[in-house]
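These protein sequence lines map, in sequence, to chains A, B, C and D.
The opening residue of the first sequence carries number 1 in this note's numbering; numbering runs sequentially from there.
The opening residue of the second sequence carries number 81 in this note's numbering; numbering runs sequentially from there.
The opening residue of the third sequence carries number 161 in this note's numbering; numbering runs sequentially from there.
The opening residue of the fourth sequence carries number 390 in this note's numbering; numbering runs sequentially from there.
Report on one structure; see the data block that follows.
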Amino acid sequence: MKANVHVTLKRGVLDPQGKAIGHALQSLGFDGVDDVRQGKFIELELAETDQDAARAAVEAMCQKLLANTVIEDYRIDFVG
Amino acid sequence: MKANVHVTLKRGVLDPQGKAIGHALQSLGFDGVDDVRQGKFIELELAETDQDAARAAVEAMCQKLLANTVIEDYRIDFVG
Amino acid sequence: MKAAVIVFPGSNCDRDVSVALEHATGHKPAMVWHRDSDLPQVDLIVVPGGFSYGDYLRSGAMAAQSPVMREVVARAKSGTRVLGICNGFQILTEAKLLPGALMRNAGLKFLCRTVDLRVENADSAFTAGYAKDQLIRLPVAHHDGNYFADADTLARIEDNGMVAFRYVTPDGAIDASGNPNGSANAVAGLFNEGRTVLGLMPHPERAAEPLHGNTDGKPLLDGLVEALS
Amino acid sequence: MTTTHQSKEPAVTPELAAEYGLSLEEYQRMLDITQRTPSFTELGIFSVMWSEHCSYKSSRVWLKKLPTKAPHVICGPGENAGVIDIGDGQAAIFKMESHNHPSFIEPYQGAATGVGGILRDVFTMGARPIANMNALRFGSPDHPKTRHLISGVVAGIGGYGNCVGVPTVGGETNFHPSYNGNILVNAMTVGLADTDKIFYSAAAGVGNPVVYVGSKTGRDGIHGATMASTEFTEDSEEKRPTVQVGDPFTEKLLIEACLELMATDAIVAIQDMGAAGLTSSSVEMADKGGLGIELDLDAVPQRETGMSPYEIMLSESQERMLIVLKPGREDLAKAIFDKWELDFAVIGRVTDTGRLVLKMHGETYCDLEVGPLVDRAPVYERPWEPTPPQADIPASEAPLPGPATEVLHRLIGGPDLASRRWIWEQYDSQVGADTVAASGGDAAVVRVHGTNKALAITTDCTPRYCFADPVRGGAQAVAEAWRNLTAVGATPLAITDNMNFGNPQKPRIMGQFAGCIQGMAEACTTLEFPVVSGNVSLYNETNGEGILPTPAIGGVGILPDASLAASVAFKAAGEAILLIGD
Ligand SMILES: Nc1ncnc2c1ncn2[C@@H]1O[C@H](COP(=O)(O)OP(=O)(O)O)[C@@H](O)[C@H]1O
Numbered sequence: 001m002k003a004n005v006h007v008t009l010k011r012g013v014l015d016p017q018g019k020a021i022g023h024a025l026q027s028l029g030f031d032g033v034d035d036v037r038q039g040k041f042i043e044l045e046l047a048e049t050d051q052d053a054a055r056a057a058v059e060a061m062c063q064k065l066l067a068n069t070v071i072e073d074y075r076i077d078f079v080g
Numbered sequence: 081m082k083a084n085v086h087v088t089l090k091r092g093v094l095d096p097q098g099k100a101i102g103h104a105l106q107s108l109g110f111d112g113v114d115d116v117r118q119g120k121f122i123e124l125e126l127a128e129t130d131q132d133a134a135r136a137a138v139e140a141m142c143q144k145l146l147a148n149t150v151i152e153d154y155r156i157d158f159v160g
Numbered sequence: 161m162k163a164a165v166i167v168f169p170g171s172n173c174d175r176d177v178s179v180a181l182e183h184a185t186g187h188k189p190a191m192v193w194h195r196d197s198d199l200p201q202v203d204l205i206v207v208p209g210g211f212s213y214g215d216y217l218r219s220g221a222m223a224a225q226s227p228v229m230r231e232v233v234a235r236a237k238s239g240t241r242v243l244g245i246c247n248g249f250q251i252l253t254e255a256k257l258l259p260g261a262l263m264r265n266a267g268l269k270f271l272c273r274t275v276d277l278r279v280e281n282a283d284s285a286f287t288a289g290y291a292k293d294q295l296i297r298l299p300v301a302h303h304d305g306n307y308f309a310d311a312d313t314l315a316r317i318e319d320n321g322m323v324a325f326r327y328v329t330p331d332g333a334i335d336a337s338g339n340p341n342g343s344a345n346a347v348a349g350l351f352n353e354g355r356t357v358l359g360l361m362p363h364p365e366r367a368a369e370p371l372h373g374n375t376d377g378k379p380l381l382d383g384l385v386e387a388l389s
Numbered sequence: 390m391t392t393t394h395q396s397k398e399p400a401v402t403p404e405l406a407a408e409y410g411l412s413l414e415e416y417q418r419m420l421d422i423t424q425r426t427p428s429f430t431e432l433g434i435f436s437v438m439w440s441e442h443c444s445y446k447s448s449r450v451w452l453k454k455l456p457t458k459a460p461h462v463i464c465g466p467g468e469n470a471g472v473i474d475i476g477d478g479q480a481a482i483f484k485m486e487s488h489n490h491p492s493f494i495e496p497y498q499g500a501a502t503g504v505g506g507i508l509r510d511v512f513t514m515g516a517r518p519i520a521n522m523n524a525l526r527f528g529s530p531d532h533p534k535t536r537h538l539i540s541g542v543v544a545g546i547g548g549y550g551n552c553v554g555v556p557t558v559g560g561e562t563n564f565h566p567s568y569n570g571n572i573l574v575n576a577m578t579v580g581l582a583d584t585d586k587i588f589y590s591a592a593a594g595v596g597n598p599v600v601y602v603g604s605k606t607g608r609d610g611i612h613g614a615t616m617a618s619t620e621f622t623e624d625s626e627e628k629r630p631t632v633q634v635g636d637p638f639t640e641k642l643l644i645e646a647c648l649e650l651m652a653t654d655a656i657v658a659i660q661d662m663g664a665a666g667l668t669s670s671s672v673e674m675a676d677k678g679g680l681g682i683e684l685d686l687d688a689v690p691q692r693e694t695g696m697s698p699y700e701i702m703l704s705e706s707q708e709r710m711l712i713v714l715k716p717g718r719e720d721l722a723k724a725i726f727d728k729w730e731l732d733f734a735v736i737g738r739v740t741d742t743g744r745l746v747l748k749m750h751g752e753t754y755c756d757l758e759v760g761p762l763v764d765r766a767p768v769y770e771r772p773w774e775p776t777p778p779q780a781d782i783p784a785s786e787a788p789l790p791g792p793a794t795e796v797l798h799r800l801i802g803g804p805d806l807a808s809r810r811w812i813w814e815q816y817d818s819q820v821g822a823d824t825v826a827a828s829g830g831d832a833a834v835v836r837v838h839g840t841n842k843a844l845a846i847t848t849d850c851t852p853r854y855c856f857a858d859p860v861r862g863g864a865q866a867v868a869e870a871w872r873n874l875t876a877v878g879a880t881p882l883a884i885t886d887n888m889n890f891g892n893p894q895k896p897r898i899m900g901q902f903a904g905c906i907q908g909m910a911e912a913c914t915t916l917e918f919p920v921v922s923g924n925v926s927l928y929n930e931t932n933g934e935g936i937l938p939t940p941a942i943g944g945v946g947i948l949p950d951a952s953l954a955a956s957v958a959f960k961a962a963g964e965a966i967l968l969i970g971d
C-alpha cells in the first residue's frame, strides 16, 4: 500500500523558498504568478494492507518526524 | 487559478533524503516501510483563468526552473 | 565543570567544541554517541554543529528523535545546562526544548562569514562572560538559520528576556543589512524561559583561540566554567 | 576457460566493440589477450579499462617526464593520492581530480560528486581529509548558460563539502569563452595521516575476503555507451544510465567508518570505487598485488532490481569502497560498518590465478587474465606539433587604453578580478577549527590538528599564458603555486596537477599538452617541487573548439609555526611598503 504525504507550511509562516521561486519566475518573464509556496511530497511504500491501520501509522510518522507541526501541516492520501 | 506541481526524482536516481528518512522511521520503530521517496510540492497561484494557457505556462516554468529534468520528473494538476 | 558532547551521525563540529571545552576546563568532555541512552552526570551538555543525518528532511529533525535526546530533554527539564550550536540549535528547537523553528536562510544560500552580534542578556551561565549590550563578532556557517516563531511566541520570548544574542550591524543597529539570514527579531541565540538552555547559530568554538583570529567566543565558554564549577 | 552465460548477453562483434569505444586495433589486441570472443561483460571491462580516463593512453608517455621524487616524497603518482612526509611521523596526502563533463550536464550533482570522489581518493589511503580546494573555469559571464552553471557548481561543492565537515579553504575561478561548452571543475583534497598508517591498494593473501562497503549499487552513471547499444533500448527508461547523485551524509559516515577500521589491524588493502566502479577497483587491486580476484556479484548490495553483471561492474554509484581484509576479521569490520549504518558484504576472495572471475546466478560472466588488462592497455605516442612562438610585444607598444584610474576600475570590475566572496561564502571554510587562513589570500593555511604546524595550500594556473606559450605557461603555473605558498610563509613541498586539454588526436592540442608538461617539469625540477599525484582530462571540446590549455596546479607547503603565517592585509598605517623581485 502506498501513502502520499504532503507537508506544507502553515499559513502565516513565511516561505523563503517559495518567495525566491516567485522572484525567479518573474525574472524569467513569467508574469501573473501571484504566490508560490513550496512544500514536500513524501511517498511511502508500506507493507501494511489495512488502510485504517496504515493511516494510523502514517499519522504517527508525520507527528513524530515527517512534519514539524510548529510550522507545517500535513495531508495523507492513499493510492493503489 | 491554482496549479499544484509535484516534482519527483526519476526512477533509478538515488534519493539520499528518502533513504535517510526510511532509516529514521525504522529506528523510531516504524516497521514495514519498504521504501521512501522525497519530492517537492509547489503550489502556484496564477492570474491566468484559462486552463490551457495556464498549463502551457506552468509546463514552461517546470522545464525552465521548477524541475531539474536531468534527474527529475514533474506533474501538473489544477485545482479550483 | 563536567561537560558531555552528543555525537550524531553527521555531526562534524563535535571535535571542535570538545577541543574548545578542553582548553576552557582543562579536561576532555565526555563524547556520547547518539545511540547511548546512558548519559554521564555532567554540568553541561553540548549539542554540536554539523549536518546530523545530512540535514535531510529538515535540519535537526532526525537527531531530535534520537534515543539520547530523550535523556537530554529530561536533564534539561531538571536544570542541567544544555548548549546547542548551529545544528545543535536546530536540534533543540526540533526537540521542543526551545520555541520556534529555523528555516532556510532568506538568501537561500549557505552562508559562511563572521557576523556582528549584540549580547542581549548577560544574566545566564552562558552569557555571564559578556556584558549586556556588548558587541561581539562570531563566525556563522549555515543554510538554515532563519529563526521563525509566530507573533505570540515572539512576544513571549521578548517579554521573558529569552533572546541571548541578536544580529546587528557593526555599530550595533538592528536592521536588514546586519541580519544575515532573515531571522525574526534578528534572533541569533535564544534561551529557554529558565535560561538553562541556549541555542545559537554562531560558532563560539571557532573564535576561541588567537589562531582563529578572533577570541570573542571564549568568554562564552569561560563564563560557563566560572558559573558551573 | 570460457564463460558460460552467452545466451543472455549481446554477442560481441567488432562493430559492438566500436560502439563501446574500442578501435579495430584495440579490438584485435583484446582478442590476442582473450584468445576467444569475449563476453559482453568482458567487453565492458576492456572498454572502461582501456578508456582514456582509466588507461591514460594518450598522456602516459608524457607524464613520465614529470619529476616525482624528493626525499620527503613517501608515495608519488600511481596510488590513489600522493603522500609526502611533513615530519613528526605525519604525512600529508593529496590529489586533484576533474569532474568537468558531469558538471556541465548537471552542475550541482556533477560538482558535488566530484568533491565526493576526490575525498575518497584521499581517505582511502588512511588520511583524515582536512581541506578542500577547487579550481573552476567557466565560459563568458554573458553566455546564457554561465550563470546557471556557476551557481549550480558552487552550490554543489558547498552542499557536499559542508555536509561532510571538511572545510573548503580556497580555489580559483576564471572565465573565458573557450569554456562556454566545456566548463572545468577540478577539486582537490588534502588529508593527514600517520606515516606508519598509510593504506595502499595492492591485494595480498590468497583466500583473503574481498569486502564491499558503503552505499548500494544502482544504475548510476553506467558507461554512456550503453545507450548506443540497440540490445538495451527496448527497455530504455529502466536501463538508461542515470546521473550520479551524491550523498554527502553517507560519505561522512564512510569516512568515519573507514578511519575506525583503519585504526585496527584488519585491512590488507583498500581502494575506493571511482570511475568505472567495481571494475577498476577490483582490477587495480588484483593487478598491483599480482594476484587474482573472484567475485560473486549476487552478493553485491543492489539498489535496483534485475541488474546485469555488466551493469554491476560498470556502475559509478557513489560512496562505495572495496577492501581486502585479513582472514577472520570480517566480524570486527562488519560491526564497525553496522554501527555507521552502512552496507557491508563479503563479495569475493583473493585468488592465486591472476584472473578476474565474475560469477552471478551460478554462471561465469567474466574470466580474464588481469595483468594484460593493465599492462597491455594501449599507449599512444600521439603526433604533436609545437605551438608556434608568439612575438614579444614590448610594454612600450601597448599603450594604456584610457586614463589610469578608469583602466584600474575596469580591471577590478572585470570578471577575472572581481571579488569571489559570493563564492567562498557558500563554503564552510572554518569547520575543524584549524583554519588559519581561507579564501582571500595567496594560499590557504590549515593547522595540523593538535600541533603548531600548518599546511599551506594553493591552486593556480593562467590558461591564457599556456595558450600563448605552453612551455612558459606550464612553468608559470608551477612557479605561481610556489610563490603563493612562500607568500604565506610556507616551504613549498610538492604539487598535484589536473591536466585539462582538448582532443589529443589533434597534433596542435597534443603540442599544448607536451609543451605544458615540459614547462612544468622544468619548473618542478628547478624548484625541487615534485609532482606526487594528478589527473588528466582530455577531449574538452565542443563543436571542434578546444578549451584553453589548463594545467591546474595544486601546491602544498609547510609552516613549522602556524602563528607565523603571513597574510595580505596591511597591518597598520605608516608602515613601509617594499617591492621585491624584478
Ligand atoms: N572557487 C573558489 N573557491 C574558493 N575560493 C576561491 C574560489 N575562487 C577564488 N577563490 C578565492 O578568491 C581569491 C581570489 O581568487 P583568484 O582571483 O582566482 O585567485 P588569484 O589570487 O590566484 O588570482 C583567492 O583567495 C581564492 O582562494
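Backbone N, C-alpha and C fix where the C-beta goes; we use that ideal spot for every residue, glycine too.
{"query": "Reduced DSSP secondary structure (H/G/I, E/B, other) of ALA864(D)", "result": "helix"}
{"query": "Validate contact between the segment 952–963 of chain D and the segment 905–918 of chain D using beta carbons, cut 8 Å, 3 pairs", "result": "no"}
{"query": "Within chain D, partners of ASP215(C) - CB distance below 9 Å", "result": "CYS552 and PHE638"}
{"query": "Candidates ILE966(D), PRO456(D), PRO859(D) and GLU408(D): closest to VAL920(D) by CA position", "result": "PRO456(D)"}
{"query": "Partner residues on chain D for LYS269(C), Cβ-Cβ distance less than 7 Å", "result": "GLN815"}
{"query": "For SER671(D), the residue or residues it bridges with in DSSP", "result": "DSSP, once it has assigned bridges, lists no residue as partnering SER671(D)."}
{"query": "Proximity test, Cβ basis, 8 Å: HIS103(B) and chain D", "result": "yes"}
{"query": "Within 8 Å, strictly: CB atoms of SER604(D) and GLN707(D)", "result": "yes"}
{"query": "Whole-angstrom distance between ALA879(D) and TRP451(D), CA atom to CA atom", "result": "30 Å"}
{"query": "Reduced DSSP category for PRO940(D) - H, G, I as helix; E, B as strand; rest coil", "result": "strand"}
{"query": "Extent of the continuous alpha helix (DSSP H) to which LYS19(A) belongs", "result": "16–27"}
{"query": "Proximity test, Cβ basis, 8 Å: GLY547(D) and chain C", "result": "yes"}
{"query": "Alpha-carbon to alpha-carbon, ASP831(D) and ASN521(D)", "result": "15 Å"}
{"query": "Residues that GLY92(B) contacts on chain D, provided the C-beta gap is smaller than 7 Å", "result": "GLY607, ARG608, THR631 and GLU693"}
{"query": "Helix, strand or coil at MET662(D) [DSSP, three-state]", "result": "coil"}
{"query": "As assigned by DSSP and simplified to three states, the class of LYS748(D)", "result": "strand"}
{"query": "Interface partners of ASP57(A) on chain B, CB under 7 Å", "result": "The residue asked about is misnamed: residue 57(A) is Ala in this sequence, not Asp. What ALA57(A) touches in chain B: PHE110."}
{"query": "Three-state class that DSSP yields for ASN892(D) in the structure shown", "result": "coil"}
{"query": "C-beta atoms of LEU258(C) and GLY359(C) nearer than 8 Å", "result": "yes"}
{"query": "Nearest-angstrom Cα separation, counted from TRP193(C) out to GLU254(C)", "result": "19 Å"}
{"query": "For LYS2(A), the residue or residues it bridges with in DSSP", "result": "GLU45(A) and VAL79(A)"}
{"query": "Beta-carbon contacts of THR824(D) that lie in its chain and below 7 Å, excluding the five residues immediately before and after", "result": "PRO556, VAL558, SER818 and VAL835"}
{"query": "Backbone secondary structure at GLU814(D) - three-state DSSP", "result": "coil"}
{"query": "Rounded straight-line distance, which links the Cα of LEU384(C) to that of GLY289(C)", "result": "8 Å"}
{"query": "Span of the beta strand (DSSP E) around CYS464(D)", "result": "462–464"}
{"query": "Within chain A, partners of GLY305(C) - CB distance below 9 Å", "result": "Result: empty, since nearest Cβ-Cβ is about 11 Å, beyond 9 Å."}
{"query": "Interface flag, ASP312(C) vs chain A, CB-CB below 8 Å", "result": "no"}
{"query": "Inside the segment 490–515 of chain D only - alpha helix (DSSP H) runs reaching at least 4 residues", "result": "496–512"}
{"query": "Ranges of the alpha helix (DSSP H) found wholly within the segment 290–363 of chain C, counting only runs of at least 4", "result": "311–319"}
{"query": "Terminal residues of the alpha helix (DSSP H) in which VAL739(D) lies", "result": "Where VAL739(D) is concerned, there is no enclosing alpha helix (DSSP H), although the beta strand (DSSP E) it sits in stretches over 732–740."}
{"query": "Sequence-distant residues of its chain with Cβ nearer than 7 Å to LEU714(D) (five each side left out)", "result": "ASN597, PRO598, VAL600, ALA655, ILE656, VAL657 and ALA722"}
{"query": "Distance, GLU468(D) Cα to LEU538(D) Cα", "result": "32 Å"}
{"query": "For GLY946(D), the three-state DSSP class (helix, strand or coil)", "result": "strand"}
{"query": "Whether ASP153(B) touches GLN118(B) by CB criterion (8 Å)", "result": "no"}
{"query": "Assigned secondary structure, MET522(D) (DSSP; H/G/I helix, E/B strand, else coil)", "result": "strand"}
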